[in-house]
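Numbering (our numbering), first residue to last: 78 to 209.
Structure below.
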């Protein structure tokens, strides 16, 4: 009887790994099935079909799929229309008149800005008329 649940615990462990669960969750489910099999095996079979158990495409999340906000330079998902950081519209058709791109992060800044509003790097010249 114990060997059966030990083997089922191993199968649950392998299945949970394939479904992309983290190490703590894999350990929890496999140990629970080994020691409390009649209770936790049906629970695992029910919960494994939920979205949180679904495998992640390609084994990882796609971190390259984002847009930079033209106002603050924050990363936003491709589908977003409003920036999650500054809450401004991410309209890339904004007129470029009176704006300049930061050479470091690419964020749009007012022409008179001496530092980037997104990364705080120096992007403009400071006028010192006192030298003449």
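C-beta: ideal position from N, C-alpha, C; glycine also. As the structure is a prediction and not an experimental result, all values here were calculated from the model.
Quick check on the burial criterion: 16 or more other C-beta atoms within 10 angstroms. Buried or exposed for residue i?
i           : result
residue 98  : buried
residue 112 : exposed
residue 183 : exposed
residue 107 : buried
residue 118 : buried
residue 188 : exposed
residue 89  : buried
Could you have a look at residue i and say whether DSSP puts it in helix, strand or coil?
i           : result
residue 121 : helix
residue 159 : strand
residue 167 : coil
residue 199 : strand
residue 88  : helix
Whole angstroms are fine: how far does the CA of residue j sit from the CA of residue i?
i           : j           : result
residue 154 : residue 116 : 41 Å
residue 91  : residue 102 : 12 Å
Considering only the alpha carbon of each residue, which of the options lies closest to residue i?
i           : options         : result
residue 149 : 165, 94 and 158 : 165
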